[in-house]
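Novice: If you want my numbering, it's the position in the sequence shown, counting the first as 1, plus 7.
Below is a structure I'd like to ask you about.
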Amino acid sequence: SDPGKLPKHLAIDTLEYKGLVNKILDRKWVGLKINELLVVEYYSRQT
Numbered sequence: 008s009d010p011g012k013l014p015k016h017l018a019i020d021t022l023e024y025k026g027l028v029n030k031i032l033d034r035k036w037v038g039l040k041i042n043e044l045l046v047v048e049y050y051s052r053q054t
């Protein structure tokens with residue numbers, strides 16, 4: 008795949024330096040194995 012090409016669920020405005028998520032992906036479409044409980048635990052300790 009072209010490294011300069013964004014996935015369809017993302018958009019970018021280079022003039023205003025902004026990014027936009029057009030659609031929230033289902034976890035089955037993300038190519039990473041993530042333990043969601045560990046993520047929640049990590050961020051709950053950050054405050």
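Glycine residues also receive a C-beta, built at the ideal position from the N, C-alpha and C atoms.
Rounded to a whole number of angstroms, what is the C-alpha to C-alpha distance between residue 51 and residue 43?
Specialist: 12 Å
Novice: Quick one: what does DSSP say residue 15 is sitting in, helix, strand or coil?
Specialist: In the three-state scheme derived from DSSP, where H, G and I count as helix and E and B as strand, residue 15 is classed as coil.
Novice: What are the start and end residues of the beta strand (DSSP E) that includes residue 28?
Specialist: 25 to 28
Novice: Pick from 28, 39 and 45: whose alpha carbon is nearest that of residue 13?
Specialist: Ranking 28, 39 and 45 by Cα distance to residue 13 puts 28 first.
Novice: Under the assumption that residue 16 contacts residue 39 (Cβ atoms under 8 Å), give the Cβ distance between them as a whole number of angstroms.
Specialist: So it is not a contact: roughly 15 Å between Cβ atoms.
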